[in-house]
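Structure first, then comments.
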Amino acid sequence: MTARILDGTALSASVRERLAVRAAALKARGITPCLAVILVGEDPASSVYVRNKVNACEKAGLRSLQDIYPAEVDPALVLARIAELNEDPAVHGILVQLPLPKQFDSAAVLEAIAPEKDVDGFHAENVGALMQGAPRFIPCTPYGVMEMLKSQNVTLKGAEAVIVGRSNIVGKPMAMLLLAADCTVTVCHSRTRDLKFHTRRADILVAAIGKAKMITGDMIKPGATVIDVGMNRLPAEQGGKLCGDVDFESAKEVAGLITPVPGGVGPMTITMLLANTIEAAERIL
Ligand code: GUN
639 MTARILDGTA
649 LSASVRERLA
659 VRAAALKARG
669 ITPCLAVILV
679 GEDPASSVYV
689 RNKVNACEKA
699 GLRSLQDIYP
709 AEVDPALVLA
719 RIAELNEDPA
729 VHGILVQLPL
739 PKQFDSAAVL
749 EAIAPEKDVD
759 GFHAENVGAL
769 MQGAPRFIPC
779 TPYGVMEMLK
789 SQNVTLKGAE
799 AVIVGRSNIV
809 GKPMAMLLLA
819 ADCTVTVCHS
829 RTRDLKFHTR
839 RADILVAAIG
849 KAKMITGDMI
859 KPGATVIDVG
869 MNRLPAEQGG
879 KLCGDVDFES
889 AKEVAGLITP
899 VPGGVGPMTI
909 TMLLANTIEA
919 AERIL
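Heads up, the sequence shown is in the numbering used here, so the first residue is 639 and it goes up one at a time.
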């Protein structure tokens, strides 16, 4: 059996069309939704992510601001800029691209963002709200994954969902969302003793590890839905291409539904960032 491909680019396009209508409605009332993005340093992957976010804003009719700092910047300068953006009524969403250089206390930076502008959903208040089942901003990647599952009517109630990866950005919020959707959730990580035992039980398998092609076909239950959150660049001697945490070639022979990399979760992450920014702007109406 060959799995159906869950095309994140196509789904993104249809969701973004609806978002553009909401952005236009806000504009007609004199409000242009605005996202402020802060990038520190020159990490190539982060630079690409930020550029994609800013471009997506423009295409959807949102305004964006970009502050780019050198890697060795004094954190106090960045905190002062966040304070300024918090006070600016024309700014609806604030995002600090992670990871930050080592002189930063990342948690303190995230806490400095006004919770009502925290479109990443990383502020402790927003994390708490999600955990309590009353989310205010859902972190963009897990939010995008839930929209992908919904778009395909994947059965969530009672399903065995296995997440590989326990990050604050993906694994943990993903677990909360799948739990709220009545899945039975298992979170695996680098210290999990028998990873394959768990992954083979999964009706829904979410790979968010950050290791190229780590999940192979033999680790997947026949017919499972496989969501690949990974975004890894292969070494030049292997072609230098982007690939996910799932070994797509072997996985697609076993899974029922699978997301590709690129063109799967990535575009949906950016789409949900636009959604959260528009939502933030609508809330102040
Ligand atoms: N770095 C990797 N993913 C993300 C994300 O979703 N938001 C931010 N701010 N940084 C990231």
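Don't be surprised by glycine CBs; every beta carbon is placed ideally from N, CA and C.
{"Asked": "Those residues which DSSP pairs with T863 across a bridge", "Found": "I842, L895"}
{"Asked": "Own chain residues within Cβ distance below 7 Å of S789, not counting five before or after", "Found": "L649"}
{"Asked": "Alpha-carbon spacing of G631 relative to I643, whole angstroms", "Found": "There is simply no residue 631 to check, as the chain begins at 639 and stops at 923 in what is shown."}
{"Asked": "Range of the contiguous alpha helix (DSSP H) that encloses R701", "Found": "Unbroken run through R701 is the beta strand (DSSP E), 701 to 707; no alpha helix (DSSP H)."}
{"Asked": "E798 - partner residues in DSSP beta bridges", "Found": "T822"}
{"Asked": "Integer Cβ distance of K890 from A641, believed to fall under 8 Å", "Found": "5 Å"}
{"Asked": "Buried versus exposed, by CB contacts within 10 Å (16 or more), D885", "Found": "buried"}
{"Asked": "Sheet register partners of N870 (DSSP bridge)", "Found": "C881"}
{"Asked": "Reduced DSSP secondary structure (H/G/I, E/B, other) of G904", "Found": "helix"}
{"Asked": "Cβ-heavy atom distance, C778 to ligand 1, below 7 Å", "Found": "yes"}
{"Asked": "A846 vs V899 beta-carbon contact at 8 Å", "Found": "no"}
{"Asked": "Beta strand (DSSP E) segment containing L733, residue limits", "Found": "731 to 734"}
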